[in-house]
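Just below is one structure, and these are the notes that go with it.
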Amino acid sequence: MTIDLGVRIDGPEKVAGVARYAADIQRPGMLFGRVLRSPVPHARIVAIDTEAARALSGVHAVLAGQDLPAEVRVGRNMRDMPVLARDKVRFIGEKVVAVAAESLEIADRALQLVHVQYEDLPAVFDPREAMQPGAPLIHDPATIRAWAVREQVVPDYPNGAAAPVWGATEEEVRDALAQADFVFEHAFRTPRQHQLYLEPHVCIVELDAAGVAHIWAANKAPILLATYLREGLGLERHQLDIHMLPLGGDFGGKGSFMDVPLAYFLARASGRPVKIAMSYIEELTAGNPRHASTIVVQSGVMRDGRVIARWLRGYMNSGAYAAFKPSTDTTLPGFRRGAIGPYDVPVQRSECHMIYTNTVPGGHMRSPGEAQTAYALECHTDLIARAIGMDAIAFRLLNGSTHPRVSETGGPGSPPRIREVLELASQAIGLDRERPADIGRGVALIEFNTTPGVYSAIMSITPDGHLTLQTPIIENGTGSLTVFRQIVAEEFNVQVDQVSVVQSIENIEVDRGVGGSRVTRMVGKLSIALAKQLQTRLAVLLAEEFGVPPAALAFDGGRFVADDGRSWSLAEAASLASEDLVENMTYAATPNDRAVTFMAQAAEVHVDRETGEVKPIRMVSVHEVGRIVNPMLFRTQIAGAVMQGLGYALMEGLKEEEGRVTMPNLHEYKIPTMADLPELEIILLPPDLSLGLTPIGEGPNAGMAPALANAVVDVVGPHALDIPLEPALIRALAAP
Amino acid sequence: MSIELTVNGQHYEVQTAPNRTLVEILRDDLRLTGTKEACSIGVCGVCTVLLDGRIVSSCLVLAQMADGAQVTTIEGLGSEDHLSPVQQAFIDHGGFQCGICTPGQIVAATALLDEIPSPTADQVKEWMTGNLCRCTGYYTIIESILGAADAHSRATA
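For the record, the sequence lines run as chains A and B. Mapping of the first sequence onto our numbering: position 160 corresponds to residue 202, and the numbering continues sequentially without gaps. Mapping of the second sequence onto our numbering: position 53 corresponds to residue 1366, and the numbering continues sequentially without gaps.
Put into structure tokens, the structure is as follows:
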């Protein structure tokens, strides 16, 4: 029997153009919401005149901050963001006035009739300036502390949102650095990067007579969205009906609630359904991009190449609010992992300074925190190797982590395969091969860990043997639903057409949603556990019916087999039930559920010494893997992530001047196209099943940027390079 | 103003303001939402349709320019039950992930294969450069298009 388990559930509807995304939803009587955004980075709102806008025919609601309850603030974790600016604006692009009208044209005309009077305040745009004494205060320090969540460490310096520190004390790390033969220090700047999903944020909110808000949104985690709305707006769960729609790209940015709270208030004020769709200009100028950073890293190194101490300080530009960050300490979940990297350094200290500025609030983008720190650490690592005259691979191997992992059951797991991934990457890219002077090659080593999360699912079987997995997971494009169906089909040894995957939040209270490359691993584990429970219940039915002790029944090869040789099919067992058998499970990940995998990435580039242009020629991505459910989807995750890493290194810096984004459209902000496509070789190590279901979404976009930068250093010489690599700088460095 | 256009073989008469674009008419008036809109300035390619057989970004086509035109959208190439060879190839080769750029990719690829039935990988890259994709890294899109070309040449050989 051939089972084509891997065929995508959502294939036909997506290639035929009939899949319905949030932007495709229209509701009867629906109005269109538009917002007036602040043109100034920091100002007191003196007066807002909306009278003419309200009088315009076709306008059904006009709202300013004063029209909303004063206590309403929203946030994924730290609720520091007003739905509409109140008293003050804190960044260019902040929402000030919102209109709901019968057409977009009327809404836009209404906004032109609104007059807002601002009184400018001193503004600050650079996090390291914002933290200096005397810097303009963006929020009242007392309110920051009042808003702070439990795990958040609020620093004492101005505009500090959070500043967690891990590892050694300052004194300990200073002492350890003093023991080293050499101390190397480099600073790297990394840019804002936009997720560039090709579906801009959009949402529709419709309130029914019973006060239930029906929500269609380009949002990736419905249970979390419900939580944000409950906490932020004071709604009850039964008042929230969140529809499950496919996402047109996510990459972290669709975890934010974006305009849903505003659409709710517009719907309430107008009594009509309201749709708010962001234009791409709004996305680029007021979305929730990856945080820009400055990473300063110091390492104490012995003559033999051992790193004995490391102090890494990250200065992350939070933007004007922290509301889009879901991590419990209000920083970025990958920061610490990326700061430590795949290395064993005896004394190390990592500091993550998250600082408010008068710029666009940052959110999550694929490998949040890790993309920034891994870039700095892997470039720093190469620069040290060059400075002490050591081979880049040998230096990494000398300092690489050797501790065995912990297995999923808590026992000793397999050792890190750093040598294998590095050597394969090195050979595949030809790190030791001769090269012309304008060709460079570089490598980077990444340790990727998943963070824990809570997941829920419901599995049922009908009396005629059809299986259904109900999940609150949104299909953000990675093929999760297909993978879940495959896992269930494999557990029961049935064809995929005997398995349905239903997306719904009904009867599900907690679920962390898509993110952190956790879903295959965690929902996979949950699905396997639910399958076992259903199989146990079916075995009990068989035992009762046929007088076999349940313990004497095993589920094997799709059949229940008794130790006396009798056996029953799944359908025969299910038919003994008079109704559907349903199993419901919530699973909170333990530290042992954390996946730890190592990967090495390498790049070959051509540097044009006259123009400074860097052209990627070849890329290699080498991965440790455990169980892979769907090889085609797995490899495509790697390829997509690698290209985002390429964009991060070479072109994607969302530039701004004095708080104003100067790349407000896709002519200016460029992402890789097919024309930029280098060769890509993906190498997977033989599966190590002790790793379980291995995550893949995020890791491979963290290593490609430093691999490319290290390849450029190979041509232009040892410099700490900021990204994106600016041709003018490369030209200056490469000049003969 | 009033315009007449034929979309996927069906004739329509549409009342519209002259500054509205073809993508708005398709999506909002005709409810053909397979055509998507993202950048609105003709860069990303997600709104790609055929206008009198030529590839266009429908976000750049004003209502008047569509008057009297023959338009082909993703809905005109095949249906869920009867996929076109290019649509099938995008499934077989994993040429999509989230699917938002996919209608535009498939319309552009279909036009390519009409023009060059057996393109090289470089010809695919050149033709498809105006269609952005953030999920796949493009490699499987190229494989899909080359796969569709292969399937076609096998079928006609």
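Positions of the beta carbon are idealized from the N, C-alpha and C atoms, including for glycine.
Neighbour flag for residue i against chain A, beta carbons, 8 Å
| i | result |
| --- | --- |
| L1445/B | yes |
| M1441/B | yes |
| S1371/B | no |
| V1359/B | yes |
| A1421/B | no |
| T1415/B | yes |
| E1456/B | no |
| Y1452/B | yes |
| E1388/B | yes |
| A1461/B | no |
| S1353/B | yes |
| T1469/B | no |
| V1356/B | yes |
| T1346/B | yes |
| G1322/B | no |
Contact with chain B by residue i, beta-carbon distance below 8 Å
| i | result |
| --- | --- |
| P288/A | yes |
| L73/A | no |
| D52/A | yes |
| P9/A | Past the edges of chain A, shown from 43 to 778, lies residue 9/A, and the structure says nothing about it. |
| A691/A | no |
| V465/A | Checking the sequence shown, residue 465/A turns out to be Glu, not Val. No, E465/A does not count as interfacial toward chain B. |
| M43/A | Its pLDDT being 39, under 50, M43/A is placed unreliably in this model, and the value from its coordinates should be taken loosely. No, because no Cβ of chain B sits closer than 8 Å to the Cβ of M43/A. |
| E241/A | yes |
| H709/A | yes |
| F293/A | yes |
| L153/A | no |
| S321/A | yes |
| A106/A | no |
| G59/A | yes |
| K317/A | no |
Buried versus exposed, by CB contacts within 10 Å (16 or more), residue i
| i | result |
| --- | --- |
| I426/A | buried |
| S341/A | buried |
| D371/A | buried |
| K574/A | exposed |
| V556/A | buried |
| L731/A | exposed |
| G53/A | buried |
| G176/A | exposed |
| I549/A | The sequence shown places Asn at residue 549/A, rather than the Ile named in the question. Exposed, since its Cβ has fewer than 16 Cβ neighbours within 10 Å. |
| M43/A | Note that M43/A scores 39 on pLDDT, short of 50, meaning its location in the model is unreliable and no value can be drawn from it. |
| T653/A | exposed |
Residue of the options minimising C-alpha distance to residue i
| i | options | result |
| --- | --- | --- |
| L277/A | A263/A, G290/A and Y306/A | Y306/A |
| T493/A | S392/A, R151/A and P737/A | P737/A |
| L1343/B | G75/A, R76/A and D66/A | D66/A |
| Q469/A | V138/A, M661/A, N359/A and N119/A | M661/A |
| D635/A | R279/A, L354/A and S559/A | S559/A |
| A1462/B | A1424/B, L1445/B and C1448/B | A1424/B |
| E1326/B | E1337/B, M1314/B, R1333/B and N1332/B | M1314/B |
| C421/A | I318/A, A381/A and S360/A | A381/A |
| N359/A | V757/A, A334/A and A127/A | A334/A |
| A127/A | M120/A, K137/A and V254/A | K137/A |
| A479/A | R86/A, H256/A and A776/A | A776/A |
| D292/A | A1421/B, G1358/B, T1334/B and C1411/B | C1411/B |
| A165/A | A260/A, R121/A and I134/A | I134/A |
| Q390/A | P124/A, R352/A and Y363/A | R352/A |
Contacts of residue i in chain C (Cβ-Cβ under 8 Å)
| i | result |
| --- | --- |
| I713/A | Among the chains of the structure shown, chain C does not appear; the protein chains present are A and B. |
Practice item. Report yes or no: do three or more beta-carbon pairs, one from the stretch 243-251 of chain A and one from the stretch 308-321 of chain A, lie closer than 8 Å? Key: Yes, the stretch 243-251 of chain A touches the stretch 308-321 of chain A.
Exercise for review: May I ask you to list, following chain order, the residues of the stretch 390-422 of chain A that have a beta carbon less than 8 Å from some beta carbon of chain B?
Suggested key: So nothing in the stretch comes that close.
Point to revise | Where the stretch 1391-1410 of chain B meets chain A: residues whose CB sits under 7 Å from a CB there | key: Result list: G1391, S1392, E1393, L1396, Q1400, F1403, I1404, G1407, F1409 and Q1410.
Exercise for review: Check whether the stretch 413-428 of chain A touches the stretch 447-464 of chain A, counting contact only when three or more Cβ pairs, one atom from each stretch, lie closer than 8 Å.
Suggested key: Contact fails: fewer than three Cβ-Cβ distances are below 8 Å.
Review point. Can at least three beta-carbon pairs, one atom from the stretch 386-399 of chain A and one from the stretch 196-211 of chain A, be found at a separation below 8 Å?
Key: Enough Cβ pairs lie closer than 8 Å, so yes.
Exercise for review: Indicate whether the contact test is met: 3 or more Cβ pairs, each with one atom in the stretch 486-505 of chain A and one in the stretch 615-625 of chain A, closer than 8 Å.
Suggested key: Taking 8 Å as the limit for Cβ pairs, the verdict is that the stretch 615-625 of chain A does touch the stretch 486-505 of chain A.
**Study point:** Cβ contact (3+ pairs, closer than 8 Å) linking the stretch 221-241 of chain A and the stretch 1378-1396 of chain B
**Key:** As far as the Cβ criterion goes, the stretch 221-241 of chain A does not touch the stretch 1378-1396 of chain B, which means the pair count is below three.
Point to revise | Three-pair Cβ contact test at 8 Å for the stretch 538-548 of chain A versus the stretch 478-497 of chain A | key: Not touching, per the Cβ criterion.
Exercise for review: Taking only beta carbons into account, state which residues of the stretch 677-707 of chain A come closer than 7 Å to chain B, listed in chain order.
Suggested key: Against chain B - using a Cβ distance shorter than 7 Å - the residues of the stretch 677-707 of chain A are T678, A681, G682, V684, M685 and N707.
Review point. Just by C-beta distance, which residues in the stretch 121-147 of chain A are closer than 8 Å to chain B?
Key: Cβ contacts with chain B: E147.
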